[in-house]
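K.L.:
Submitted below is the structure of interest, expressed as structure tokens.
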Amino acid sequence: MTTISVLRFIELLFNFYSFLVLVYCLLSWFPRGNRPFLDDLARALDTLVGPYLNLFRRFIPPMGGIDFSPVVAILALNLIERLIINILIG
Numbered sequence: 066m067t068t069i070s071v072l073r074f075i076e077l078l079f080n081f082y083s084f085l086v087l088v089y090c091l092l093s094w095f096p097r098g099n100r101p102f103l104d105d106l107a108r109a110l111d112t113l114v115g116p117y118l119n120l121f122r123r124f125i126p127p128m129g130g131i132d133f134s135p136v137v138a139i140l141a142l143n144l145i146e147r148l149i150i151n152i153l154i155g
């Protein structure tokens with residue numbers, strides 16, 4: 066693998082995980098009642114994204130009923146991504 070393809074792969078992984086965080090947040094706005102697909106999707110996303118978001122929820126409490134931890138989590142992902150890419154570019 067060339068350096069460019071490794072960098073693209075790292076960007077793809079971080080962007081995909083950021084997308085999962087975004088979808089997780091959007092799904093939290095909708096009731097899951099009798100929708101088995103949405104319920105299974107939300108449960109799977111909670112397994113993948115929940116532990117990462119819980120790291121930030123410990124330090125950032127909801128303000129006015131709004132949870133800002135996903136915003137900080139995505140910013141942290143972008144920062145880590147840029148840090149890794151800068152280390153690899155050297």
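Take 66 as the starting number for the sequence shown in this note's numbering and just add one per residue.
For glycine and all other residues, C-beta sits at the position ideal for the given N, C-alpha and C.
Along the chain, which unbroken stretches of the alpha helix (DSSP H) at least 4 residues long are found entirely within the stretch 100–130?
P.N.:
List check, alpha helix (DSSP H) in window: 101–122.
K.L.:
Ser70 lies in the alpha helix (DSSP H); which residues open and close that run?
P.N.:
It spans Thr68 to Leu92 - the alpha helix (DSSP H) in which Ser70 sits, taken as one unbroken run.
K.L.:
Just to check my reading of the structure: Leu92 and Ala107 have Cβ atoms closer than 8 angstroms, yes? What is that Cβ distance to the nearest angstrom?
P.N.:
Indeed, because the Cβ distance is near 5 angstroms, the residues count as touching under 8 angstroms.
K.L.:
Of the choices Leu72, Leu110 and Leu77, whose alpha-carbon is the least far from that of Leu85?
P.N.:
Per the Cα distances, Leu110.
K.L.:
Is the Cβ-Cβ distance between Phe95 and Leu87 less than 8 angstroms?
P.N.:
Result no, Cβ atoms of Phe95 and Leu87 do not sit closer than 8 angstroms.
K.L.:
Grab me the residues of Phe133's own chain with a C-beta within less than 8 angstroms of its C-beta, minus the 5 sequence neighbours each way, in chain order.
P.N.:
Around Phe133: Ile125 and Pro127.
K.L.:
What does a CB cutoff of less than 6 angstroms around Leu142 pick up in its chain, not counting 5 residues either side in sequence?
P.N.:
So the qualifying residues of the chain are Phe79 and Ser83.
K.L.:
Could you check where the alpha helix (DSSP H) with Arg97 kicks off and where it finishes?
P.N.:
Taken as a continuous stretch (DSSP letters only), Arg97 belongs to no alpha helix (DSSP H), as it is neither H nor E.
K.L.:
What's the gap between the Cα of Ser70 and the Cα of Ile150?
P.N.:
Roughly 12 angstroms between the two C-alpha positions.
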